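K.L.:
After the structure tokens below, expect a handful of questions from me.
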Amino acid sequence: MVTKQIKELEVTKAKIASLERAIAKRLSKELASLPTKYGFASLEEFVGALRDATGGGSASKGRRGRPAKAVDKVKRRKRAVITEETRANVKKLVESGKTGSQVAKILGISLPSVQNIKKAIGLVKARA
Numbered sequence: 693m694v695t696k697q698i699k700e701l702e703v704t705k706a707k708i709a710s711l712e713r714a715i716a717k718r719l720s721k722e723l724a725s726l727p728t729k730y731g732f733a734s735l736e737e738f739v740g741a742l743r744d745a746t747g748g749g750s751a752s753k754g755r756r757g758r759p760a761k762a763v764d765k766v767k768r769r770k771r772a773v774i775t776e777e778t779r780a781n782v783k784k785l786v787e788s789g790k791t792g793s794q795v796a797k798i799l800g801i802s803l804p805s806v807q808n809i810k811k812a813i814g815l816v817k818a819r820a
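And the structure:
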């Protein structure tokens with residue numbers, strides 16, 4: 693019984709491998725025909741048109757594989773300066789029943805900053 697299932701598994705694996713090869717071959721042919729399908733004389737012209745269409749003029753990449761230009765446009769959030777006034781506002785808002793995320797949104801600081809302030813001023817109980 694088990695030997696029969698093992699043989700069936702091997703046959704199925706062979707079919708899968710054959711299908712994968714056929715798909716890879718077909719995909720390769722389709723990709724190779726794209727330039728002529730869209731009216732380009734060569735692969736280089738086609739790739740150039742793709743680069744122009746996507747705004748990427750060069751192959752240089754920045755972080756996370758994005759074009760270098762896109763990396764420069766990423767907006768960075770400024771670090772919040774936590775003052776005594778901020779701490780007092782956090783305490784007042786928490787005591788008035790606001791949640792940590794509400795406090796963070798109101799004061800324009802991150803939730804971890806709110807949590808750190810609450811811990812520092814004794815508004816959070818330590819884990820048991």
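Going by this note's numbering, the first residue of the sequence shown is number 693, and it counts up by one from there. Just so you know, even glycine gets a beta-carbon here, dropped at the ideal spot from N, CA and C. Model, not experiment: these values are computed from the prediction.
In or out: Ser788 buried (at least 16 other Cβ within 10 Å) or exposed?
P.N.:
The sequence position of residue 788 within the sequence shown is 96, counting from 1. It is exposed - the Cβ of Ser788 has fewer than 16 other Cβ atoms within 10 Å.
K.L.:
Compute the Euclidean distance between the alpha carbons of Met693 and Glu700, then round it to the nearest angstrom.
P.N.:
Position 1 of the sequence shown, counting from 1, holds the residue named residue 693. Position 8 of the sequence shown, counting from 1, holds the residue named residue 700. Near 11 Å, if we compare the C-alpha coordinates of Glu700 and Met693.
K.L.:
Going by DSSP in three states, Gly789 sits in which element: helix, strand or coil?
P.N.:
Taking the sequence shown and counting its residues from 1, one reaches residue 789 at position 97. Looking at Gly789 - three-state DSSP - the assignment turns out to be coil, as it is neither helix nor strand.
K.L.:
Can you say whether Leu731 is buried or exposed, counting buried as having 16 or more other CB atoms within 10 angstroms of its CB?
P.N.:
Counted from its first residue, the sequence shown places residue 731 at position 39. Checking the sequence shown, residue 731 turns out to be Gly, not Leu. Exposed.
K.L.:
Tell me, to the nearest whole angstrom, how far the beta carbon of Ala772 is from that of Ser802; I am working on the premise that it is less than 8 Å.
P.N.:
Mapped onto the sequence shown, residue 772 falls at position 80. Mapped onto the sequence shown, residue 802 falls at position 110. Ser802 and Ala772 do touch by the CB rule: their CB atoms are close to 7 Å apart, below 8 Å.
K.L.:
Given that a residue counts as buried once 16 or more other Cβ atoms are within 10 Å of its Cβ, and exposed if not, what is Leu723?
P.N.:
If you number the sequence shown from 1, residue 723 lands on position 31. By the neighbour-count rule (16 or more Cβ atoms within 10 Å), Leu723 is not buried but exposed.
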